[in-house]
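What follows is one structure encoded as structure tokens, with my remarks underneath.
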Amino acid sequence: NIFRILGDLSHLASIVILLRTVQKTRQVDGISLKTQLLYVLVFCTRYLDLLTFRWKSVYNTLMKMVFIGASVRVIQLIQECKTRNAVAYKDMMARDTFQIKYLVGPCAILALVFNYKFTVLELCWSFSLWLESVAILPQLFMLSRSGKAGTLTTHYIFALGLYRALYIPNWIWRYYTEGRLEKLSVFTGLLQTALYSDFFYIYYKKVIKGAGFELP
Amino acid sequence: TSTQLEHDEL
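Chains as they are written, first to last, in our numbering: chain A, 20 to 235; chain B, 162 to 171.
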């Protein structure tokens with residue numbers, strides 16, 4: 020359905036925006052390395068089914084590969100900045116202070132409690148859903164402390180938020196047309212959307228109302 | 162009990 024495709028495309032757009040900008044400008048200002056690392060973990064644990072070769076469609080398989088590849092590439096590019104611009108890299112690391120063990124640990128426990136089947140694949144899948152729902156927190160934490168957001172960060176988080184928002188009408192659509200209600204995805208998806216709403220709140224309060232920021 | 166659904170979303 021249209022919501023799902025648009026959702027996937029804005030998800031893809033968010034990663035492309037990030038990738039292209041970092042590649043072109045060699046700037047990582049305002050980007051949380053921890054959030055990016057969490058996304059690599061999210062994609063790798065969610066798309067483990069690629070290894071079973073029970074592929075659903077060309078679209079599904081290609082997108083999964085692109086998401087894993089692009090998220091790894093983002094990390095590579097950030098690491099390259101380390102040698103190119105050590106000062107900027109150090110500055111980013113100094114501000115990227117969120118303790119991710121407080122996210123990974125609880126998500127692992129939640130995956131053990133809430134899953135469809137007690138198999139490695141299903142547990143990893145559930146873990147990835149929980150982790151995705153909170154993976155943006157180090158980024159939001161960084162943003163809320165600095166009160167400044169670069170154009171890159173703003174566009175990136177906006178596209179990500181749009182992807183999450185579009186998945187909600189997709190679930191409603193699928194409920195009515197297919198009778199499908201996948202509770203785990205819906206719950207973690209709503210949780211994630213709530214966190215993004217918080218971003219837009221911070222964005223409004225600190226960035227738009229704050230000084231020293233030019234709207235893109 | 163919840164029946165297992167195919168994970169066909171990204």
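Note that CB positions come from ideal geometry on N, CA and C, so glycine has one too. As the structure is a computational prediction, the values presented were derived from the model and not from experiment.
*Taking buried to mean at least 16 other C-beta atoms within 10 Å of its own C-beta, is residue 113 of chain A buried or exposed?*
Position 94 of the first sequence holds residue 113 of chain A. Counting the other CB atoms within 10 Å of its CB gives residue 113 of chain A a total below 16, which places it among the exposed residues.
*At which residues does the alpha helix (DSSP H) containing residue 42 of chain A begin and terminate?*
Counting from one through the first sequence, the residue named residue 42 of chain A turns up at place 23. Segment 21 to 44, the alpha helix (DSSP H) holding residue 42 of chain A.
*By Cβ distance, which residues of its chain are closer than 6 Å to residue 193 of chain A, with the 5 residues on each side in sequence left out?*
The residue you call residue 193 of chain A lines up with position 174 of the first sequence. Cβ neighbours of residue 193 of chain A beyond the five flanking positions: 199.
*residue 171 of chain A classed as buried or exposed, judged by whether at least 16 other C-beta atoms fall within 10 angstroms*: What you label residue 171 of chain A is simply residue 152 of the first sequence in a count that begins at 1. It counts as buried.
*Cα separation between residue 52 of chain A and residue 115 of chain A?*
Counting from 1 along the first sequence, the entry for residue 52 of chain A is found at position 33. Counting from 1 along the first sequence, the entry for residue 115 of chain A is found at position 96. Rounded to the nearest angstrom, the two C-alpha atoms are 7 Å apart.
*Secondary structure at residue 101 of chain A, three-state DSSP: helix, strand or coil?*
As a working mapping, residue 101 of chain A is identified with position 82 in the first sequence. The answer is helix: DSSP assigns residue 101 of chain A an H, G or I state.
*asked:* Using 8 Å for Cβ pairs, my map puts residue 20 of chain A next to residue 189 of chain A. What's the rounded Cβ distance?
replied: The residue you call residue 20 of chain A lines up with position 1 of the first sequence. The residue you call residue 189 of chain A lines up with position 170 of the first sequence. With 8 Å as the limit, residue 20 of chain A and residue 189 of chain A qualify as a contact, their Cβ atoms being about 6 Å apart.
*Using the beta-carbon count (16 or more within 10 Å), is residue 216 of chain A buried or exposed?*
The residue given as residue 216 of chain A occupies position 197 in the first sequence. So residue 216 of chain A ends up on the exposed side.
*Does the pairing of the stretch 144 to 152 of chain A with the stretch 105 to 112 of chain A give three or more beta-carbon distances under 8 Å?*
no
*Comparing the C-beta of residue 20 of chain A with each C-beta of chain B, is any distance below 8 Å?*
Locating residue 20 of chain A in the first sequence gives position 1, counting from the first residue. Not one chain B Cβ lies under 8 Å of residue 20 of chain A.
*Which value, in whole angstroms, describes the spacing of the CA atoms of residue 201 of chain A and residue 103 of chain A?*
For this step, residue 201 of chain A is matched to residue 182 along the first sequence. For this step, residue 103 of chain A is matched to residue 84 along the first sequence. The alpha-carbon atoms of residue 201 of chain A and residue 103 of chain A are separated by roughly 45 Å.
*Considering only residues of the stretch 59 to 85 of chain A, which uninterrupted alpha helix (DSSP H) runs meet the minimum length of 4 residues and lie entirely inside it, listed in chain order?*
none
_Looking at residue 29 of chain A: is its Cβ nearer than 8 Å to the Cβ of residue 162 of chain A?_
Working through the first sequence from its first residue, we reach residue 29 of chain A at position 10. Working through the first sequence from its first residue, we reach residue 162 of chain A at position 143. Result no, Cβ atoms of residue 29 of chain A and residue 162 of chain A do not sit closer than 8 Å.
*For my contact list, residue 214 of chain A and residue 153 of chain A are in at a C-beta cut-off of 8 Å; report their separation, rounded to the angstrom.*
Counting from 1 along the first sequence, the entry for residue 214 of chain A is found at position 195. Counting from 1 along the first sequence, the entry for residue 153 of chain A is found at position 134. 7 Å between Cβ atoms; contact.
*Do we get a CB-CB distance below 8 Å when we pair residue 74 of chain A with the residues of chain B?*
Against the first sequence, residue 74 of chain A aligns to sequence position 55. With respect to chain B, the C-beta atom of residue 74 of chain A has no partner C-beta closer than 8 Å.
*Taking all protein chains shown into account, do 16 or more other C-beta atoms lie within 10 angstroms of the C-beta of residue 176 of chain A, making it buried, or fewer, making it exposed?*
Along the first sequence, read from residue 1 onward, the residue named residue 176 of chain A stands at position 157. Buried, since its Cβ has 16 or more Cβ neighbours within 10 Å.
*Below 8 Å on the Cβ atoms is my guess for residue 41 of chain A versus residue 77 of chain A; work out the distance and round it to an integer in Å.*
Within the first sequence, numbered from 1, the residue matching residue 41 of chain A stands at position 22. Within the first sequence, numbered from 1, the residue matching residue 77 of chain A stands at position 58. That pair is no contact at about 28 Å.
*Cα separation between residue 89 of chain A and residue 65 of chain A?*
Walking along the first sequence from the start, residue 89 of chain A turns up at place 70. Walking along the first sequence from the start, residue 65 of chain A turns up at place 46. So the two alpha carbons sit approximately 15 Å from each other.
*Closest to residue 105 of chain A by CA distance: which of A:38, A:212, A:47 is it?*
To locate residue 105 of chain A, count along the first sequence from 1; it is residue 86. Minimum Cα distance to residue 105 of chain A is reached at A:47.
*Between the C-alpha atoms of residue 31 of chain A and residue 87 of chain A, what's the straight-line distance to the nearest angstrom?*
On the first sequence, position 12 is the one that residue 31 of chain A refers to. On the first sequence, position 68 is the one that residue 87 of chain A refers to. Taking the straight line joining both Cα atoms gives about 11 Å.
*asked:* Between the alpha carbons of residue 155 of chain A and residue 208 of chain A, how many angstroms are there, rounded?
replied: By one-based count along the first sequence, residue 155 of chain A stands at place 136. By one-based count along the first sequence, residue 208 of chain A stands at place 189. Rounded to the nearest angstrom, the two C-alpha atoms are 13 Å apart.
*Kindly indicate which three-state DSSP category residue 189 of chain A falls into: helix, strand or coil?*
Position 170 of the first sequence, counting from 1, holds the residue named residue 189 of chain A. Reduced to three states, the DSSP call for residue 189 of chain A is helix.
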